[in-house]
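In order, the protein sequences belong to chains F and A.
For reference, each letter of the first sequence is one residue, going 1 to 478 in my numbering.
For reference, each letter of the second sequence is one residue, going 479 to 731 in my numbering.
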Amino acid sequence: MSFIRKNISLIVLSISLTTIVLSFVYAFLAKDNITFYLKDITGDKDALSDITITGVLQDRFHGQHFEISNGEIKHNFKYYQKAEDAVKPPVKYANGISSDGLVYTFDYDFQIASDATTEVVPNTSTVDGDSYGGETVRRRTVFSDKVEFIADIWVRNEDFTINVDNTRFSIPTGITLISDKLEFEFEEIIETRPDGQEFVTHLSKGGRTSKPYYDSFAKCMTFLNGKLYFTFPTTKEHSGENGIFVVDEFEKSWSFYEWREIGKGRKIVKWSLNDHNTDVLALESVNGKLVLIMAIDDILTLKVYDEHGNFLDEMAFKEIYNCTDTNAGLETYVNEDFLNICIGETSYYGFTRNSALISVQIGDKIIPRQIIHKLDFKDEIAKHYNIHAKGNKVYIVTSLERLDEGNEYVYEPLRHRRLVIMVYEDSQLIYKGELVTDADEDFEMERLKNQVKNRVAGSGGLGHDPFLYRQFYGIELR
Amino acid sequence: MKSYYRLVNYQFMWILKPLILVYVGTIISPLFLLNAAMQDYNNIHSRFEDVFASSGCVMAFAIYFAATCGLCIASIYAGYWKSKSIYTLLALPIKREVIYFSELTVFFICFIGLIASQLVGIFLGYALFTPTLVRTINGETYYLRMQNGLFLSLIRSSFFRILLPLGIESFVSSLTTLIATVSTLYYSVLCERSRRYFGFIPVIAVIIFIIYTITQRINMSNANTYINSLILLLCSAFFTWHGVKLVKRSAIA
């Protein structure tokens with residue numbers, strides 16, 4: 001007893017430190033205690049012998065960085081101490097793309113076409129006058145049966161706190177939309193200056209908005225040799241003349257109402273829309289060339305141009321038909337001189353079903369490498385992490401989510417998902433494997449919790465924070 | 479060194495009994511609270527770290543932390559009560575620095591013991607009351623734990639991450655926070671005893687900075703916490719230097 005009294009502080013300290021050290025030892029030993037292996041579903045891992053796949057399975061607090069090389073998988077635990085330690089998912093801008101820290105957002109409006117029939121609505125005039133002889137503004141409503149589209153591109157820094165000097169490019173496109181009635185509504189603003197000069201502006205207020213689908217504009221912008229090129233995602237209902245535009249210079253402009261030419265740019269490629277058989281889907285830059293992806297008579301067609309707009313080659317893929325409404329389900333992946341185009345028949349919430357895949361090599365000529373009518377998954381929706389072509393193989397890393405009966409159209413962020421790697425050689429599936437982890441347990445816990453809550457408390461809702469669940473990010477192939 | 483060791487043990491013995499009560503409370507409180515929380519059907523499929531926080535275990539730790547602070551302070555004030563042992567202590571033929579550092583060491587041991595007790599409480603809590611998944615295999619229902627669930631809880635809970643930091647920067651931050659807490663606590667008592675009330679200004683500043691640092695850790699701020707750790711260490715060094723000076727001058731008598 002006397003020994004204990006004489007050494008009590010050392011005894012307490014020793015027990016405490018041992019407990020703390022053992023806790024650290026436990027954590028150190030447990031950090032790699034995770035299910036992480038590649039399960040073959042079809043074929044053999046040898047199909048992955050000439051590719052290295054890297055990525056991370058992470059939540060907000062930690063990541064398992066992995067590398068699959070020669071079919072062997074290695075993973076490495078990383079403890080995140082700061083938010084910046086995590087691998088950031090790429091920001092997907094609505095109708096925008098980013099380059100060199102700047103975000104380019106594609107917007108549009110329309111103006112009354114020069115040869116349109118118009119009608120002024122009587123008794124809609126208002127006058128905001130200046131009794132001291134200054135500027136007078138008159139407003140009235142005008143209807144038109146024909147409008148011309150104006151492409152409008154805005155630039156801002158990715159960091160909202162940093163200003164950009166030249167923020168805007170605007171150009172009338174020559175693309176028109178015709179109606180058999182006066183359905184396009186405008187507010188006509190006539191400004192009369194004290195010297196008698198008049199300025200007329202038309203603000204579009206309503207009528208049929210153009211067909212372009214949500215986020216289709218981002219797919220129609222691309223950078224080549226530091227310059228922004230774009231086309232307009234027109235459909236068969238448009239008339240006039242579409243084309244590929246290049247932006248030479250942006251201009252400082254803050255007004256939302258200056259529908260005129262802003263900045264410097266031009267149309268370098270032109271084609272008529274008057275046959276009403278064309279749908280413009282996307283524009284990509286590959287290997288120093290511009291690739292226009294369109295559907296002509298509902299058949300997927302690629303056209304290649306050089307940076308000056310000189311036509312180089314064209315190829316139609318008759319096997320990939322009925323792709324009129326595929327703009328929203330179209331995804332492109334570029335590696336070196338390969339362009340991989342994935343087209344889903346149905347699309348919702350960024351997922352595609354029953355995808356077809358085309359892999360082509362782009363040079364002065366288009367060389368088709370792979371044409372896969374239907375990727376090998378069923379009753380599942382796919383969200384591709386990456387698609388990469390190498391030699392005569394194409395590698396697809398995708399997240400597949402099981403569609404249970406009745407929830408096909410339900411947005412369900414907690415749905416069971418798995419990472420699947422597929423390899424096609426000469427358009428034939430030679431390997432399909434699943435990277436098996438226990439990450440779904442995070443979602444499963446949440447699914448069970450929601451079930452319980454619905455049953456007990458009758459409360460719905462999800463409160464979904466994606467970074468609380470382990471998910472794959474930053475998948476790269478080389 | 480011998481006198482230092484003896485003094486540490488002597489001072490530690492004074493608070494041992496109530497301290498053991500605090501440690502036992504720190505270990506078993508989470509068990510009672512988790513048990514109560516797991517009776518709620520809403521919690522049986524929640525993550526362990528969420529149940530731990532929502533059951534009041536973190537609040538209980540805060541109470542035991544305050545109790546430990548109170549015990550440490552009481553151990554000094556006891557020298558001024560009844561027997562007035564502070565005068566005996568100051569009259570001992572030992573260096574005054576030894577008196578200062580022995581008390582500081584006792585404070586450290588108290589808090590290290592508290593952290594260890596909380597870790598035992600967490601491990602026991604997980605072993606006995608962890609939420610489960612539901613699996614049906616061959617028609618039979620199994621209630622399984624998450625694979626590596628305890629480790630995942632340790633790295634996902636802000637509270638556990640401060641107690642058991644697994645990164646170097648976080649570890650340094652937790653350690654310097656502990657050092658600053660202990661040295662600030664002791665210094666504040668010395669300031670009061672020596673009637674140097676201006677000393678409370680840096681004390682309050684450091685307490686605010688400790689809270690700020692912990693908030694940064696909870697929010698996983700991108701700021702460099704080595705700077706915070708350095709500031710806390712410098713403040714601790716100042717408090718130690720000035721504390722030793724106060725004890726040497728018998729200002730606390």
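All C-beta atoms, glycine included, are put in the ideal place defined by N, C-alpha and C.
The structure presented is a predicted model; accordingly, all values stated were derived computationally and were not measured.
- Listed by position along chain F, the residues whose Cβ is nearer than 9 Å to that of A/Ser699 are Lys82, Ala83.
- With a 10 Å radius around the Cβ and a threshold of 16 neighbouring Cβ atoms, A/Met537 comes out exposed.
- Cβ contact annotation for F/Tyr333 (same chain, cutoff 6 Å, sequence separation greater than five): Asn340, Ile387, in chain order.
- Contacts with chain F (Cβ-Cβ distance below 8 Å) from the stretch 503-529 of chain A involve Tyr519, Asn520, Ile522, His523, Ser524, Arg525, listed in chain order.
- Look at the stretch 54-112 of chain F and you find these whole runs of beta strand (DSSP E), each 3 residues long or longer: 62-69, 72-79, 96-99, 102-112.
- Around A/Val486, the beta-carbon contacts reaching into chain F at under 7 Å are Ser9.
- Within chain A, no residue has its beta carbon less than 7 Å from that of F/Ser427; the closest one is some 38 Å off.
- DSSP assignment within the stretch 370-443 of chain F yields the following whole beta strand (DSSP E) runs of 3 residues or more, N-terminal first: 380-390, 393-402, 417-425, 428-437.
- For a cut-off of 8 Å, the C-beta gap from A/Ser661 to A/Leu724 is around 13 Å, too long to register as a contact.
- Collapsing the DSSP output to three states places A/His720 in a helix.
- Each residue's CA atom was taken as its position, placing A/Thr614 and F/Lys88 some 36 Å apart.
- The alpha-carbon separation between A/Glu647 and A/Ile657 amounts to approximately 15 Å.
- Under the DSSP definition of a beta bridge, A/Glu618 partners with A/Ile615.
- When Cβ-Cβ separations below 7 Å define contact, A/Phe579 makes no contact with chain F.
- Residue state for F/Asp298 is assigned as coil, using DSSP reduced to three classes.
- A contact is defined here as three or more CB-CB pairs under 8 Å, and the stretch 281-289 of chain F fails this definition with respect to the stretch 262-270 of chain F.
- Per the C-alpha coordinates, the member of F/Ile41, F/Val12, F/His75 positioned closest to F/Asn33 is F/His75.
- At a cut-off of 7 Å between beta carbons, A/Arg634 contacts chain F.
- Ranked by Cα distance from F/Lys303, the options F/Lys365, F/Ser253, F/Leu273, F/Asn335 are led by F/Lys365.
- Rounded to whole angstroms, the Cβ separation of F/Gly309 and F/Phe169 is 17 Å, and the two are not in contact under 8 Å.
- Note on geometry: alpha-carbon atoms of F/Asn392 and F/Thr52 lie some 16 Å from one another.
- Between F/Phe61 and chain A, the shortest Cβ-Cβ separation is below 7 Å.
- Contact note: A/Asn626 reaches chain F through Ala30, Asn33, Ile34, using a C-beta cutoff of 7 Å and chain order.
- Within the stretch 644-669 of chain A, Leu644, Gly645, Glu647, Ser648 place their CB atoms closer than 7 Å to a CB of chain F, listed in sequence order.
- A distance of 7 Å or more separates the beta carbons of F/Asp275 and F/Ala295.
- A/Asp528 and A/Tyr542 have their C-alpha atoms some 20 Å from each other.
- Residue nearest to F/Glu380 within the set F/Tyr395, F/Val420, F/Asn277, F/Gly363 is F/Val420 (criterion: CA-CA distance).
- Straight-line spacing of the CA atoms in A/Asn513 and A/Phe530 works out to 10 Å.
- One thing to note: F/Thr192 has its Cβ no nearer than 7 Å to the Cβ of F/Lys146.
- Apart from sequence neighbours up to five positions away, the residues of its chain that approach F/Asp109 with a beta-carbon distance below 7 Å are Ile150, Asp152, Ser204, Trp259, ordered along the chain.
- With its beta carbon at least 7 Å from every one in chain A, F/Thr201 lies outside the interface.
- By the Cβ test, the stretch 77-96 of chain F is in contact with the stretch 213-229 of chain F, since at least three Cβ pairs between them sit closer than 8 Å.
- Closest in alpha carbon position to A/Thr610, among A/Tyr620, A/Tyr555, A/Leu668, is A/Tyr620.
- With respect to chain A, the C-beta atom of F/Lys78 has no partner C-beta closer than 7 Å.
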